[in-house]
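Notes for the one structure printed next.
Residue numbers (the numbering used here): 13 to 292.
Rendered as structure tokens:
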């Protein structure tokens, strides 16, 4: 129950950060970054339709179609995220943060929207809109991948943005999209990022013992033959969190200054001491 509460709390926080970026940074400058929020900015410019109304009008029929086609389990988190985004667009105050500086709007908006989207995706949800529409289209047209459909839908919205706001705003919008993607990807990968160390040493047994006792991390050992020396040596492999890699190297070099150590990035680790396999 506590886990579910925090999942939804983080989702709510992410949607409101995203809503703040759309309402106070993208909309005032006409930065159409794709998605339903981008379409909402276009409609607001043309017919003064409030952002949150567009979000409701487009998403409600999508959810009505998605529930029977995809099932309640598929849409429940996204429904919550969409509702929270709509509320955020409706009630968050308008704050003039960067004046008429379009560069700051695209940079700061990209960072904030990336954080918001990343927090939503971490909880296995989306903010609805084009993601949901693409999933429904993919269900009917499986020959096209979900990514291809999503890119096509967003591209149409971006082209509409060019027609309404001009090429200058659209170029800044693309910059915001790029920054947002980098930030959200970094947030997603950063939460799972670990380090793997491979250690070759004459004192492998002593090193393994120190890692097990001082760091409480598992160590795997196997024998490998050096092709030059033809000697067999015990090779250790240990996966640790990023913050622990310095401690690991300190332990190794305190025992054997001549130890051969390689450190590589590990994108995701599931199991004891690391991430649990997430369940819906």
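Backbone N, C-alpha and C define an ideal beta-carbon position, used for all residues, glycine too. Here the structure is a predicted model, which is why all the values come from computation and not from measurement.
Extent of the continuous alpha helix (DSSP H) run through residue i
i, result
"residue 120", "114-134"
"residue 23", "14-33"
"residue 248", "Segment 244-253 is the beta strand (DSSP E) holding residue 248; no alpha helix (DSSP H) there."
"residue 171", "158-177"
C-beta atoms of residue i and residue j nearer than 8 Å
i, j, result
"residue 63", "residue 101", "yes"
"residue 51", "residue 148", "no"
"residue 128", "residue 193", "no"
"residue 53", "residue 38", "yes"
"residue 46", "residue 170", "yes"
Environment of residue i [buried if 16+ CB atoms lie within 10 Å]
i, result
"residue 16", "exposed"
"residue 135", "buried"
"residue 168", "exposed"
"residue 272", "exposed"
"residue 220", "buried"
"residue 274", "exposed"
"residue 262", "exposed"
"residue 18", "exposed"
"residue 173", "buried"
"residue 90", "buried"
Neighbourhood of residue i by C-beta, 7 Å cutoff - its chain only, sequence neighbours within 5 removed
i, result
"residue 119", "191"
"residue 218", "267"
"residue 27", "93, 96, 97, 100, 128, 132 and 139"
Beta carbon proximity, residue i to chain C, threshold 8 Å
i, result
"residue 248", "Absent here is chain C; the protein component of the structure consists of one chain."
Unbroken beta strand (DSSP E) run spanning residue i, endpoints
i, result
"residue 233", "232-237"
"residue 223", "Counting along the chain, residue 223 falls outside any beta strand (DSSP E), and DSSP gives it neither H nor E."
"residue 275", "272-278"
Closest Cα partner of residue i within the set the options
i, options, result
"residue 85", "233, 57, 117 and 137", "137"
"residue 199", "82, 42 and 279", "279"
"residue 8", "31, 23, 144 and 104", "A query on residue 8 cannot be resolved here, the shown segment of the chain reaching from 13 to 292 and no further."
Cβ neighbours of residue i in the same chain (closer than 6 Å, five flanking residues each side left out)
i, result
"residue 33", "121, 124 and 125"
"residue 140", "71, 90 and 94"
"residue 177", "42"
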